[in-house]
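The numbering of the sequence shown is my numbering, which starts it at 96 and goes up by one. Worksheet: the structure to be examined is printed underneath.
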Amino acid sequence: MILNLPPELIQLVLQKCSTPAFLEAAFSCRTVYEIASTCREVLVHHLRRTPGLVNRDLSSLSSKGLFRLLTKNAFQQLYGAQYHANRVTYEFGNDVLDVKASTFASFDHQTLALVARGREKVYLFHIDHGHLRPLSEVNLPCNHPGKGEVLKTAFDGSGGLYVLQRFVPAMDATDTNANHPFIKQAMQSNINGMHYLSYHSLDSPGEPVRVCTFPDHVNYKPLALAAMQGGSFVISWQHNHDYSENEVVLYTTSVDPHSSAKSDVIGSFLCFTYSMSLSLDLPDTDATLDVTYDSCVLLEGTRQGFEGDRFTQSRNTQGRLLPGKGPVVGLAFNDRSSQLLYRYRAQALYGSFQKIDILPFPTQSVLYENSCPVQFSDSLTLLFSIGIPFSGTHETRVQNGLLRCHWKYLSFGIATHREEDWTVACLLRSEAVCRASNCEHILHLERGRRLPDWTIVARLRGFENSNTSLGCIVAASRLGTRIAVANWKTVYIWALEPGAVIEQNATGFYPDSSWPPGVEVVDLEPVSISLGAVCFQLRFGLGENDLVAITDRGLVYCDLNPSGSSHRTTYQLRMGIEPGS
């Protein structure tokens, strides 16, 4: 229809429409493309409305050069990504991906631990720009008759994988002691199975596999697992029948190479080589290495000491009831494992944390809520839940004759108005100054969350809080130029230039159109991508435009690069086998 208009009117329409609509129209047909890419006035207009034009002299560029610059800046802002993004889905045939047992490794490793529901093996894959490559299989070294099922997996950040499994032993009919009343009673008492946790070194596969049991939690189910370097891990448990009975337990291991402990010692690890079987009988003690552990209950039930982020020195309300939080469903170590973060149902960010390095083990330290008052407007202060910083800057300069280092951190935060019940998502900045002689000069993002004072520097338009118990899933890209929030089957992605946001647009990266009248923070608009499945975990890859999701349909990879053509591809993947169409 637009082609029926004279070229002058087409140019006017292209100038009045939004920049994303302008580019979509320009690439819709050759005639519109020729008009759009040669009209200098229209191109300059859209360039000045698109982020990225910083002190650029446009007079020396041809119309074609202006169009190329516009498309470059626009694609960096993900304009049109909802139309051209490619999506690849890996399904698993008759197997169903266990979304609660599978997990991601770090950015650098790009490793996935995938588990099929009801299976007793963990399949490790390397993912690179959407291509899955099988690495290895991991399973508990147990040959005793029975059924095993992987419940949780966790990487420790130093080449180790922890696997939490439930094993239900089966009666061996050929066993002459099978009818012994003590044996029968023992089997009946373990009708729900026993929980085993095994540690596997991925860097040194020949190392022994360490295995431990949790006899005190036979009637519990694990809701979350996290591990750290050095052999410590933490598990969130919930009772199978009384859901109000739950606890978080920290386990710290120590190796005694001279130990002669037997395999039935409660609270000890047993080490087996891959070729050795784990049985209910006592193994050869010469083949075991005793790795004892201490355990400490950090949270128990719904009562725990509590303090707000801002008032850690003025309030101590240990023993206060925490209404409405429920059991911990997500765990993460933070700040060089000095803190433990807790996430609860229906939450997008962690809801509270504990400091676990301040007192000798065992300890039950105060619980701090992730709640920080932030000035939202001249007349309104909101309590924000603030995530771990995803970007930051470090600058050394002379101040009052002394060399000082100035740190600035950028984080994602969410706040809900208590009375009007509306929710807002923002990017927040905090900063600190220290003497250069006392500074490590290494950006440590996790440490930035210690800072108490935060300022809103950008508002994420289009954010909607989840109305399900799953909550929103938040992820940031490696370089901090993308923030993604998954809400059920849809992912909302905001593009940004973190340095410009942190410095509140000091360089003019964002045009005036990005700043609403009377507002001092930039507005960022999202693009929305449908995953075609419910998202349970979300992570960016090494590339800023590589997005990977663990969903109820399988593994979903989204390529946000502008070279995409909205392809939808599905691979049928057998665990441990190369994918095929």
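The beta carbon of each residue, even a glycine, is placed where N, CA and C say it ideally should be.
Residue i classed as buried or exposed, judged by whether at least 16 other C-beta atoms fall within 10 angstroms
i, result
"Phe364", "Its pLDDT being 43, under 50, Phe364 is placed unreliably in this model, and the value from its coordinates should be taken loosely. The residue in question, Phe364, is buried, as its Cβ has 16 or more Cβ neighbours within 10 Å."
"Thr407", "Bear in mind that the predicted position of Thr407 carries a pLDDT of just 31, short of 50, making it unreliable; the figure below should be weighed with that in mind. By the neighbour-count rule (16 or more Cβ atoms within 10 Å), Thr407 is not buried but exposed."
"Phe202", "exposed"
"Cys124", "exposed"
"Ala265", "exposed"
"Arg577", "buried"
"Thr563", "exposed"
"Thr602", "exposed"
"Tyr445", "buried"
"Asp337", "exposed"
"Asn411", "In this prediction, Asn411 scores a pLDDT of 29, lower than 50, which makes its location untrustworthy; the coordinate-derived value is nonetheless stated afterwards. Looking at its Cβ environment, which holds fewer than 16 other Cβ atoms inside 10 Å, Asn411 is exposed."
"Gln470", "exposed"
"Lys242", "exposed"
"Gln494", "exposed"
"Arg513", "exposed"
"Gly325", "exposed"
First and last residue of the uninterrupted alpha helix (DSSP H) at residue i
i, result
"Gln110", "Pro102 to Lys111"
"Tyr439", "Looking at the DSSP string, Tyr439 is not in any alpha helix (DSSP H); the run it does join, the beta strand (DSSP E), is Gln434 to Tyr439."
"Phe117", "Thr114 to Ala121"
"Thr126", "Arg125 to Ala131"
"Ala176", "Ala176 to His179"
Contacting residues, own chain, Cβ-Cβ under 7 angstroms from residue i (five flanking each side not counted)
i, result
"Lys680", "The requested residue 680 does not occur in the structure, where the chain is confined to residues 96 to 676."
"Ala628", "Lys584, Thr646, Asp647, Arg648 and Val651"
"Arg144", "Thr114, Pro606 and Ser608"
"His221", "Gln205, Thr206, Arg228 and Leu230"
"Thr368", "Model confidence at Thr368 stands at a pLDDT of 34, short of 50, so the residue's coordinates are unreliable; what they give is reported in the following sentence. For Thr368, where only same-chain residues beyond five positions count, the Cβ hits under 7 angstroms are Pro303."
"Tyr315", "Trp332, Gln333, His334 and Asn335"
"Gly254", "Ser296, Leu297 and Asp298"
Run of the beta strand (DSSP E) containing residue i, from where it starts to where it stops
i, result
"Pro606", "Unbroken run through Pro606: none, as it is neither H nor E."
"Ser158", "No beta strand (DSSP E) contains Ser158, which is instead part of the alpha helix (DSSP H) from Ser158 to Gln171."
"Ile222", "Lys216 to Asp223"
"Gln449", "Ser447 to Lys450"
"His536", "Where His536 is concerned, there is no enclosing beta strand (DSSP E), given that its DSSP letter is neither H nor E."
"Gln442", "That residue, Gln442, is in no beta strand (DSSP E); it is neither H nor E in DSSP."
"Leu138", "Run containing Leu138: none in the beta strand (DSSP E); it sits in the alpha helix (DSSP H), Arg135 to Leu142."
"Val210", "From DSSP, Val210 is part of no beta strand (DSSP E); its letter is neither H nor E."
"Pro264", "Gly255 to Pro264"
"Met289", "Met289 to Ser296"
"Arg663", "Arg663 to Gln667"
"Gln333", "Phe328 to His334"
"Cys307", "Val304 to Thr308"
"Cys467", "Cys467 to Ser472"
Cut-off 6 angstroms between Cβ atoms - residues of its own chain near residue i, not counting five sequence neighbours on either side
i, result
"Val552", "Leu522, Arg524, Val596, Gln599 and Val616"
"Tyr605", "Pro146 and Val617"
"Gly301", "none"
"Ser486", "Leu505, Gly575 and Pro593"
"Asn640", "Leu655 and Asn656"
"Glu673", "Because Glu673 carries a pLDDT of 49, less than 50, the predicted location of this residue cannot be relied on, and the following value inherits that uncertainty. Within the same chain, Glu673 has no close Cβ partners at all."
"Cys653", "Ala180, Arg182, Ile624 and Leu642"
"Arg663", "Arg182"
Residue nearest to residue i in terms of C-alpha spacing, selected from the options
i, options, result
"Arg499", "Ser466, His536 and Val469", "His536"
"Thr476", "Arg182, Asp389, Cys467 and Thr114", "Cys467"
"His694", "Ser155, Val149, Leu161 and Ala121", "The displayed coordinates of the chain run from 96 to 676. Any statement about residue 694 would go beyond what the structure contains."
"Gly496", "Asp516, Lys503, Ile509 and Ala531", "Ala531"
"Tyr294", "Leu320, Asn287, Asn314 and Val149", "Leu320"
"Lys167", "Lys242, Ser296, Thr665 and Pro657", "Pro657"
"Leu247", "Leu230, His221, Ala211 and Ser231", "At residue 247 the sequence reads Lys, which differs from the Leu that was named. Measuring from the Cα of Lys247, the nearest candidate turns out to be Ala211."
"Trp517", "Gly482, Glu541 and Gly557", "Gly557"
"His489", "Gly325, Cys529 and Ser460", "Cys529"
"His290", "Leu297, Val313 and Asp298", "Val313"
"Asp473", "Ala200, Val614 and Asn335", "Val614"
"Leu540", "Ile509, Arg573 and Thr550", "Arg573"
"Ala644", "Gly636, Gly638, Thr347 and Cys630", "Cys630"
"Gly213", "Lys195, His226 and Asn341", "Lys195"
"Asn99", "Ser460, Gln110 and Thr126", "Thr126"
"Arg554", "Phe250, Trp589, Ala570 and Arg542", "Trp589"
Spatial neighbours of residue i in its chain, beta-carbon cut-off 8 angstroms, leaving aside the 5 residues before and after
i, result
"Pro115", "Ala169, Tyr174 and Gly175"
"Asp607", "none"
"Ser660", "His179 and Asn181"
"Gly188", "Gln667, Leu668 and Arg669"
"Trp549", "Cys467, Val469, Phe479, Ile481, Ser506, Gly508, Leu523, Arg524 and Ser525"
"Ile97", "Ile105, Val108, Ala120 and Val127"
Contact test: residue i Cβ vs the ligand ADP heavy atom, cutoff 8 angstroms
i, result
"Asp654", "Looking for the ligand ADP in the displayed structure turns up nothing, as the structure carries no ligands at all."
Interface flag, residue i vs chain D, CB-CB below 9 angstroms
i, result
"His295", "No chain D appears in the structure shown, which is made up of a single protein chain."
Subject >> beta strand (DSSP E) runs wholly inside the segment 586-633, at least 3 long, in chain order >> reply: 617-619 and 621-625
Subject >> beta strand (DSSP E) segments (min. 3 residues) lying fully within the segment 500-557 >> reply: 518-530 and 550-555
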